[in-house]
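Here is the structure we will look at, set down as structure tokens.
Have a look at this one:
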């Protein structure tokens, strides 16, 4: 059976919310505190992440080498470049192939973690959207050549999010 919905029915199920209500930004390294220091992890400098969201996962390092001074992430996270010109060019990744499920990389990445894969996929499209990039460019702070998109911009970016589960 096919049900035809009016636009008011559709809009009623979507809620305008800030990104921080459906995802965490830059999760704590405490999550990997119990891992042995010789645990192999993926290392992602900015240059191995592309504007087309392709990633070279071949760099592997021991945890003790990268635990301090780098950004932590894990499989299922979104990486988003925060520095100019990488942000404007759309550098980012949906992380999915880290050795032992854990990675570290450039401090110039924001890490976005959501509670489920559907929300992660949705947010990966949001942060690649024209609106997100254009508004983010206008909110960058810093000096020429070293401008960055702030944590606050990402956390407070408003999206329309479907709250309803459709079950028959």
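In our numbering, the protein residues as written are 2 to 169. Glycine included, every Cβ here is placed at the ideal spot set by N, Cα and C.
Outcome for residue i when other beta-carbon atoms lying within 10 angstroms are tallied against a minimum of 16
i, result
"residue 163", "exposed"
"residue 88", "buried"
"residue 72", "buried"
"residue 154", "buried"
"residue 113", "buried"
"residue 106", "buried"
"residue 115", "buried"
"residue 161", "exposed"
"residue 94", "buried"
"residue 78", "buried"
Three-state class that DSSP yields for residue i in the structure shown
i, result
"residue 144", "coil"
"residue 135", "helix"
"residue 92", "coil"
"residue 112", "strand"
"residue 98", "coil"
"residue 153", "helix"
"residue 124", "helix"
One or two residues paired with residue i in a DSSP bridge
i, result
"residue 103", "75"
"residue 162", "16"
"residue 56", "50"
"residue 23", "Residue 23 pairs with nothing; no bridge assigned."
"residue 82", "110"
Alpha-carbon spacing of residue i relative to residue j, whole angstroms
i, j, result
"residue 20", "residue 92", "19 Å"
"residue 168", "residue 14", "Unreliable positioning characterises residue 168 in this predicted model, as indicated by a pLDDT of 46, which lies under 50. A coordinate reading is not provided."
"residue 98", "residue 23", "23 Å"
"residue 66", "residue 16", "43 Å"
Integer-rounded CB distance, given that residue j should sit under 8 Å from residue i
i, j, result
"residue 80", "residue 50", "6 Å"
"residue 140", "residue 127", "At roughly 15 Å, the Cβ-Cβ gap does not stay under 8 Å, so residue 140 and residue 127 are not in contact."
"residue 55", "residue 82", "That pair is no contact at about 14 Å."
"residue 26", "residue 42", "21 Å between Cβ atoms; not a contact."
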